[in-house]
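To start, the structure under review is shown below, and the notes come after it.
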Amino acid sequence: MNLKSKYFDSIRISKTGGNEVEAQVTCDWPECSEVGSYPAPAAEGSTDKRYFCLEHIRTYNQSFNFFEGMTEADIAAFQRSARTGHRPTWTMGANRNTPGQSGNWQWQDPLDLVSEVSDGKARAPVKRASSGQIRALEVLELDEHATAEEVKTRYKARIKKFHPDANSG
């Protein structure tokens, strides 16, 4: 790699020395002359900062109350909003398909052809017989819509016909 490129020399970034100035600030606590290397907000909503030493920043943080001056309703609203990271949310099930609407169609349906497909009602899934069950029903000479009583009656008849103890051997 060529470090003497005329294209990339103009975008080189050097480190800034801003932290050295902040480290020399004295503690903002009354009658304290130690170095204030820990920033804290000066007031709620303000961008100004106050700087404290380690001992006084601990005291400041313990006495800081974010909810000071808020009503109970404001505190409850903040806590509800904090559950989702203060991002907008929608309730589950809101704006779902209602009768007369069929899905989230992205086109106009002036002849109401699409709404005829779905009436908005949920239907129970149709249980289909497995291939093994279908073969067993074929042996009993029944269709797949046979009731349990029909299967039981047909099975007993076949047992009587083919069992060695029932037909003398």
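Under our numbering, residue 170 is the last one in the sequence shown; the count climbs by one each step, no gaps.
Glycine residues also receive a C-beta, built at the ideal position from the N, C-alpha and C atoms.
Would you check if the distance between the CB atom of Asp29 and the CB atom of Gly37 is smaller than 9 angstroms? yes
Using a C-beta cutoff of 9 angstroms, does Cys28 count as contacting chain D? Absent from the structure: chain D. Only one protein chain is present.
Just list the residues that DSSP pairs Phe53 with in beta bridges. Tyr39
Separation of Ile135 from His147, as counted between CA atoms: For clarity, residue 147 is Ala in the given sequence; the question names His instead. Approximately 11 angstroms, taken between the alpha carbons.
Considering only residues of the same chain and omitting the five flanking positions on each side of Ala43, which have a CB-CB separation below 7 angstroms? Asp49, Lys50, Arg51
Is the CB-CB distance between Glu145 and Arg129 below 9 angstroms? yes
Which same chain residues, not among the five before or five after Leu138, have their C-beta less than 8 angstroms away from its C-beta? The residues are Ala130, Asp144, Glu145, Ala147, Val152.
Spatial distance of Ser47 from Pro126 (CA atoms): 60 angstroms
Report the three-state DSSP secondary structure of Thr154 (helix, strand or coil). helix
Compare the C-alpha of Asn62 against each of Glu32, Pro40, Pro89 and name the closest. Pro40
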